[in-house]
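**Q**
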Amino acid sequence: MTTAPRSDASRFAKGTFAPEPQRSDMATLVMSQARLETKLFWRHGEQMLLTIIIPLAMLIGLVMVPVLELDDPLERIFPMVLAISVMSAGFTGQAIAVGFDRRYGALKRIGASGVPPWGIIAGKIVSVCTTVTLQYILFSLVGLALGAELSIGGWLLAYVGMLLGTFVFTSLGLLMGGTLGAELILGLANLIWFILIGATTYVAVAPSLDGISSVLLHLLPSVALTDVISAALAMSVQWSAVGVLVVWGVLGAALAARWFRFDMPND
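What the sequence shown shows, in our numbering, is residues 2 to 268, in sequence order.
1. If you reduce the DSSP assignment to three classes, tell me which class S141 lands in.
2. So does the region 120-128 actually touch the region 198-214, counting three or more Cβ pairs closer than 8 Å?
3. For P74, count neighbouring C-beta atoms within 10 Å of its own C-beta (all shown protein chains included) and say buried if the count is 16 or more, exposed if not.
4. Give a yes or no on whether the C-beta atoms belonging to F140 and V87 are separated by under 8 Å.
5. Under 8 Å, do T52 and G100 count as touching if we go by C-beta distance?
6. In angstroms with no decimal places, state the Cα-to-Cα distance between V251 and A123.
7. Which of the three DSSP states is assigned to M27 in this structure?
8. Would DSSP call Y160 helix, strand or coil?
9. Round the Cβ separation of A96 and I186 to the nearest angstrom and send it over; I've been treating them as touching at under 8 Å.
10. With three or more beta-carbon pairs closer than 8 Å as the criterion, would you say the region 215-223 touches the region 238-257?
11. If we count the other Cβ atoms within 10 Å of its Cβ and call it buried at 16 or more, is Y137 buried or exposed?
12. In the DSSP assignment, find the unbroken alpha helix (DSSP H) run with G62 in it and report its ends.
13. For the alpha helix (DSSP H) holding P222, just list the boundary residues, first then last.
14. Answer with buried or exposed for P67, where buried requires no fewer than 16 other C-beta atoms within 10 angstroms of its C-beta.
15. What is the rounded straight-line gap between the Cα of E70 and the Cα of E76?
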């Protein structure tokens with residue numbers, strides 16, 4: 002004689018073997034993606050070279066070595082280096098990283114984990130903002146050691162300007178990284194980076210500029226960001242430069258939203 006087995010429901014409480022996994026909320030997904038992006042960013046030697054080592058070498062070298070005929074080289078070099086560091090992290094770094102992530106299918110694999118496309122983009126933006134914040138603290142400490150006089154109000158206002166620059170250059174970096182081939186991005190992003198550094202340095206150290214050349218140079222996002230940071234450190238706002246950055250940022254974001262691809266056309 003056999004007895005009928007008791008049902009699992011009578012032996013075990015509901016949920017014992019069914020944890021009922023659910024998708025995390027959007028904030029958790031974005032922050033997890035941002036932590037991943039930040040770790041990968043800081044473990045990459047080329048990213049460290051572009052975002053920390055080269056700007057830091059420029060700051061120390063151009064201030065301490067008497068190669069520029071400036072009364073106060075730190076006053077001009079410090080805002081310029083901050084702008085270059087933002088450009089390196091937001092534009093060059095993201096363009097190359099996104100391009101090769103697309104090339105090797107990494108973005109598609111991340112998407113398969115449950116993170117929506119906009120969550121991947123948001124995670125990258127938060128990661129760049131984190132990197133820029135750490136850059137700003139580091140370069141500010143070095144600037145203070147070199148003799149910079151930074152007021153709390155000016156320092157905070159300049160940080161707002163850097164976040165605006167982060168939005169601009171990250172949107173442009175995502176535009177390039179999400180539309181072109183990886184090999185083309187590698188060469189083009191570095192070329193544009195060198196050109197913008199040259200233009201920004203020229204404007205920062207030149208005695209004076211006027212005419213059409215001055216107008217054209219100040220329409221470049223790196224030069225405009227330098228102007229914004231320089232004015233902010235002096236507790237003022239240069240609205241024309243802010244307007245230039247807003248135009249670049251809106252244009253880059255709109256085009257990136259329209260043309261960004263998570264994989265290569267031949268995938």
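No residue lacks a Cβ here, since even glycine has one placed at the ideal position from N, Cα and C.
**A** In terms of the structure at hand:
1. In the structure shown, S141 falls within a helical segment according to DSSP collapsed to helix, strand and coil.
2. Verdict: no, contact absent.
3. With 16 or more neighbouring CB atoms inside 10 Å of its own CB, P74 falls in the buried class.
4. Going by C-beta atoms, F140 is not nearer than 8 Å to V87.
5. Taking 8 Å as the Cβ cut-off, T52 and G100 do not qualify as a contacting pair.
6. Cα-Cα distance, rounded: 16 Å.
7. Of the three classes helix, strand and coil, the one that applies to M27 here is helix, per DSSP.
8. The answer is helix: DSSP assigns Y160 an H, G or I state.
9. So it is a contact: roughly 5 Å between Cβ atoms.
10. With the cut-off at 8 Å, the region 215-223 and the region 238-257 touch.
11. Result: buried.
12. Secondary structure note for G62: its alpha helix (DSSP H) is the uninterrupted segment 55-65.
13. Looking at the DSSP string, the run of the alpha helix (DSSP H) that includes P222 is 222-234.
14. Its Cβ having fewer than 16 others within 10 Å, P67 is exposed.
15. So the two alpha carbons sit approximately 13 Å from each other.
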